[in-house]
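Comments concern the structure below.
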Amino acid sequence: MFRPQPQGLAAAMALAFPFAWPAVTFAAEPAAEPAAAQSVTITGRPSATRQGALRDEIVKTESINAREIAKSGATNLPELMAHRPGIDVQVECSVCNVRNITLNNLPGRFTTMLLDGVPIFSSVSNAYGLDMIGLSGLERVDISRGAGTSLIAPESLAGTVNLVTKRPSSDAAELDLSAGSFGQRRGAGYAAKTFDGGALTVSGTQQQQDSVDGVGNGVSQYAGYKRQLLGLGLFLDDLGGFKLKGRFDHIDEKRMGGPLGSDYDAVRASTSGNPFDFNQGPHASPVSDRWVNPADGSLSDAYNDGRFGLAQIIFTKRDQFAGTAERSFGDTKLRLALGYAEHRQDSWYGGDADYFGRQKQTYLESSLQAPVGAALVTAGLSYRFEDLHSRSISQDPASPTFGIERADADAYTYRTPGVFVQAYQAFFGERLEVNASLRQDHNNVYGGITTPRLNVLWHHSDNISSRLAMGQGFRLPTSFFELEHAVLSAPAVDRSQAKAEKSDNLSYAFNYADDRLALTASVNHTRIKHLALFVDDTAGSGNFLLQPARSAYTVNNVDLVGTWQMTPRDAFTAGYERYQYRFNATDFQGSLFARPDYRLTLALDHDAGPWDVNARATYTGPQNLAKFYDYADNPRYNLDGTPKADRSPAFWTVDLRVSYQWSKAVQTYVAVNNAFNYQQAKKDSFLWLDGSGALDVTHIWGPSIGRTVVAGVKLDF
Amino acid sequence: MAAGPWQAVAAALALCAAVASAAQGGPTVPVVPAVPAVPPAGAPAAMALTLPALDGARFVQLADFSGRPVLLNFWGSECPPCIHEMPLLFALAPRHPGLQFLGIAVDQRASAARFLARLQPSYPQLLATSQPEVLLRRFGNKLGALPYSVVLNARHEVCMTRLGEIDAAWVDGAAAACGAVGAPQPTR
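Protein sequence lines, in the order shown, are assigned to chains A and B.
According to our numbering, the residues represented by the first sequence are 1 to 717, in order.
According to our numbering, the residues represented by the second sequence are 1001 to 1188, in order.
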């Protein structure tokens, strides 16, 4: 059996640690002749990461580094995540733009967000918080798909997205100012000050955009917003032997969709009449103030709820902190992690409820890592606290609770201490690496949960590697009303029958890389059991029930992505992904959001001196809307009473970005997103009716906003 | 929040701290063992390399330097020891006419170019574009650490490797050991 050499063990410590420091600096004993200790920096980041390249870790990890972030033109995390093989953004509501990040096309709530390896996002923040994750001061974003990708995030049934903050190595100041279509205005600043043994950073963003109506019916397909972000970072290399890294973020956002504009008070005051025009757009109603009732072909009662009737106004304030401390004691490494978040949502959902929610989260972790024989063993303890408290006033005249203020209709409190152990060992001259781990968590509601995982990495050669991963994850079902607005009409959510959502995952990834080509192919299988569903039992027990689905939801997928350095200045990327969704539509009651059967991505990156040109084309395949939305039991109709199509069409979108570096300090850029102006609303309205003629806003399969042009300037001081 | 879990966490933290304290005994900073300036065991035969020049003007191949020993220096603009050793490397290159120096930036093109603009590189600079860790592994650096220097002999076989900052004596010794023709020129 191979016994890791000390140098290999050091590498293993960096690789196998749950989330190691992005750059680890330590002293090297002198070689033959130097008298002084030498400094060796481990490159925790692959600086030229491209699609198709993997980080040199036992868990398959894709990375987007600072340059890729800049070239993408993304202003927040969802924009960065869109249109990458195996990774996408799911918009769940056209008028409020709730959107989350999907991995392997699994529901977004199964993606765990981490800040420097600390999990502090949950049900509420996954609805409206992800748009508010800025990208200033990041070193990279790591994406690991599949359960068991993180020792410390067992709830990541689909995988993890980890934002790694950059530890500045020199003083810096950056300013990015841009403006564009639909009233886009953005100013983002970042400054770093280094000192002996540490650094301080501050970042801020002010951003706004108007709501967008692409078909002229007066109902927005894209919510307008005003957003302010403030971030502070502190890095200390040696405080009592500990290396500290911490960041604090404050977020303040106001958004509104449904009616156009941003006069929130005026919208709230508009509670009668019809300011909309329902006979605009494809399959629109024959009249402007009502629609065809599909049950009998008659016209519905005239819409008379004013601008507020379709409005969703959400004010969000969030404070979060994530920090880690590491210290080595000989070969033993101690890691401490702390996360805290407080999320406040003050919102008005016309026709449903006024809602105020407050969520707190705490994460504590302590772990030790040490060589034990030939293995490297990590053992630790974690504690998670998460609660949600709310008060709401029903705005639905049909609800028995209409006008009544109620507290904690969707509240929950979870306390989950856990213990975990992981062992890593290399064999056959480090050609084979094996990582096995086991977690035992105990939740105050769902009891004990055990989740194992196993990762294997085989280096076929210096250029070729295979990764095999199998594991289980669990997620505690949450009852935040955004999953089902109607829960606010019941006194409480009855979760006595609920079970923890559990997944079985198996994945294999093949990676090839040479000087000019990086290529990765992967096959993934995920089966989710006990997927949580809301069941309306108000007619029976009077409550909404949180229940597990009767059968499993399974997603199998294959994907292939590679980047080829065609010329010294041009790189070409191609990616293809294909999915198989296996589930009993009746068991899921249309609660799953439809995802495409396949997707093709092509990209060209031209990097020549001061010019940087990026073009990306994405072909999204059709979605089986009839199956995902269970048309058999819950048919969907257009406003003219005709049935919605069973499948969505396939479509192309093209994004372009050009930047020019005028000097060391000044860069200008122009970006055109969705260049050919493909909009779902011009093919198929987001609005839909159920069999009784009730209106909803969640029929989404394509782009919610058309062509946007943004121009800006970046200043580096 | 109930006191129970907090007490459990406090106990856990204390336990970890206690175990860590018990394990204490070595230096507080982990030590990387000596990196010998000797040929690595089992090194492959002739190495090949094709990377774009940092300025994007052309591809550079090891074959372009056929029959000449080559020193490859892998560096990054945010790696302090890389930055520290670079002026010395730029000064040493002209002193070793028999040894072709090549810099390989494990970095972003713009960042590397911006950093080098402050210096006067005395040898070609390339960009690691595809999957840098695989490139480093191929040249014997499984740790993926920087700075890293490799000296290839005239047949472009790995002759000497150095993880960490180099010094003039090491380069002089490696040049001699790897068959660089011509004695080092004196420093002016």
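A virtual CB, placed ideally from N, CA and C, is assigned to each residue, including glycine.
None of these values were measured; they are calculated from a predicted model.
Report buried or exposed for residue i, applying the criterion of at least 16 other Cβ atoms within 10 angstroms of its Cβ.
i	result
Ala-35 of chain A	With a pLDDT of 32 at Ala-35 of chain A, under the threshold of 50, the modelled position of that residue is not reliable, and the figure given next carries that caveat. Classification for Ala-35 of chain A: exposed.
Val-372 of chain A	exposed
Ala-11 of chain A	Any reading at Ala-11 of chain A must be qualified, since the residue scores a pLDDT of 43, below 50, and its modelled position is unreliable; the value itself is stated next. Flag for Ala-11 of chain A reads buried.
His-530 of chain A	buried
His-1084 of chain B	exposed
Gly-216 of chain A	exposed
Gln-623 of chain A	buried
Met-566 of chain A	exposed
Glu-405 of chain A	exposed
Leu-239 of chain A	exposed
Phe-110 of chain A	buried
Leu-1119 of chain B	exposed
Arg-145 of chain A	buried
Ala-1169 of chain B	exposed
Lys-664 of chain A	exposed
Phe-676 of chain A	exposed
Gln-718 of chain A	Any answer about residue 718 of chain A is impossible in this case: the structure gives chain A only from 1 up to 717.
Trp-688 of chain A	buried
Cβ atoms of residue j and residue i: under 8 Å apart, would you say?
i	j	result
Ala-1110 of chain B	Arg-67 of chain A	yes
Ser-489 of chain A	Thr-538 of chain A	yes
Asn-1073 of chain B	Phe-1090 of chain B	no
Met-470 of chain A	Leu-454 of chain A	yes
Ala-1117 of chain B	Ser-1077 of chain B	no
Pro-477 of chain A	Ala-532 of chain A	yes
Tyr-619 of chain A	Leu-600 of chain A	yes
Tyr-508 of chain A	Ser-541 of chain A	no
Arg-550 of chain A	Asp-504 of chain A	no
Ile-64 of chain A	Thr-49 of chain A	yes
Thr-75 of chain A	Gln-90 of chain A	no
Lys-502 of chain A	Phe-474 of chain A	yes
Ser-390 of chain A	Tyr-355 of chain A	yes
Ser-659 of chain A	Asp-612 of chain A	yes
Asn-543 of chain A	Asp-494 of chain A	yes
Just the chain B side, please: which residues come within less than 7 Å of residue i by C-beta, in chain order?
i	result
Gly-609 of chain A	Gly-1056
Pro-568 of chain A	Pro-1052, Ala-1053, Gly-1056, Ala-1057, Arg-1058, Phe-1059
Which chain B residues sit within Cβ distance under 9 Å of residue i?
i	result
Tyr-430 of chain A	The sequence given here has Glu at residue 430 of chain A, not Tyr. Here the neighbours are Lys-1142.
Arg-50 of chain A	Thr-1129, Ser-1130, Gln-1131
Ala-53 of chain A	Ser-1130, Gln-1131, Pro-1132, Glu-1133, Val-1134
List the residues of chain A whose Cβ lies closer than 8 Å to the Cβ of residue i, in chain order.
i	result
Glu-1157 of chain B	The contacting residues do not exist; Glu-1157 of chain B stays about 15 Å from chain A at best.
Leu-1088 of chain B	By Cβ distance, chain A contributes nothing, its closest Cβ being about 12 Å from Leu-1088 of chain B, past 8 Å.
Arg-1138 of chain B	Asp-462, Asn-463
Against residue i, what residues of chain B qualify as contacts under a CB-to-CB distance less than 8 Å, listed in chain order?
i	result
Asp-396 of chain A	What Asp-396 of chain A touches in chain B: nothing, since even the nearest Cβ is about 34 Å away.
Residue i touches chain A at which residues, Cβ-Cβ below 9 Å?
i	result
Thr-1161 of chain B	By Cβ distance, chain A contributes nothing, its closest Cβ being about 11 Å from Thr-1161 of chain B, past 9 Å.
Give the interface partners of residue i over in chain A, defined as CB-CB distance under 7 Å, in chain order.
i	result
Leu-1049 of chain B	Asp-515
Val-1134 of chain B	Asp-462, Asn-463, Ala-513
Just to confirm, does residue i get its C-beta within under 7 Å of one of the non-hydrogen atoms of the ligand PLP?
i	result
Ala-66 of chain A	Only the bare structure without any ligand can be found here, which leaves the ligand PLP out of the picture.
Original post:
Considering only residues of the region 566-593 of chain A, which uninterrupted alpha helix (DSSP H) runs meet the minimum length of 4 residues and lie entirely inside it, listed in chain order?
Top reply: 585-588
Subject >> Complete beta strand (DSSP E) runs within the region 114-186 of chain A (minimum length 3 residues, chain order) >> reply: 138-145, 159-165, 172-180
Subject >> Start-end ranges of the beta strand (DSSP E) lying completely within the region 327-394 of chain A, minimum 3 residues >> reply: 332-349, 353-372, 375-394
**OP:** With 7 Å as the limit, tell me which residues of the region 252-275 of chain A have their beta carbon closer than that to any beta carbon of chain B; keep them in chain order.
**Re:** none
Subject >> Start-end ranges of the beta strand (DSSP E) lying completely within the region 413-458 of chain A, minimum 3 residues >> reply: 432-443
**OP:** Report the residues of the region 380-393 of chain A with a CB closer than 8 Å to any CB of chain B, ordered along the chain.
**Re:** Gly-380, Leu-381, Tyr-383, Phe-385
Original post:
Between the region 452-477 of chain A and chain B, which residues of the former have a C-beta closer than 7 Å to a C-beta of the latter?
Top reply: Asp-462, Asn-463
**OP:** Quick one: which residues of the region 512-533 of chain A get their C-beta closer than 8 Å to a C-beta of chain B? List them in chain order.
**Re:** Ala-513, Asp-514, Asp-515, Arg-516, Leu-517, Ala-518
Subject >> Unbroken stretches of the beta strand (DSSP E), 3 residues or longer, contained in the region 637-682 of chain A >> reply: 651-661, 666-673
**OP:** Counting only runs of 4+ residues fully inside the region 485-529 of chain A, write out the alpha helix (DSSP H) ranges in chain order.
**Re:** none
**OP:** Can you give me, in chain order, the residues of the region 1107-1123 of chain B that have a beta carbon less than 8 Å from any beta carbon in chain A?
**Re:** Asp-1107, Gln-1108, Arg-1109, Ala-1110, Ser-1111, Arg-1114, Ala-1117
Original post:
When Cβ atoms are compared, which residues of the region 662-678 of chain A fall closer than 8 Å to chain B?
Top reply: Lys-664
**OP:** Using a Cβ-Cβ cut-off of less than 8 Å, list which residues of the region 57-80 of chain A approach chain B; keep chain order.
**Re:** Asn-65, Ala-66, Arg-67
**OP:** Could you please tell me which residues of the region 431-451 of chain A, in chain order, have their CB closer than 8 Å to any CB of chain B?
**Re:** none
**OP:** Mind checking the region 553-565 of chain A against chain B and listing, in chain order, the residues whose C-beta falls within less than 7 Å of any C-beta there?
**Re:** Gln-565
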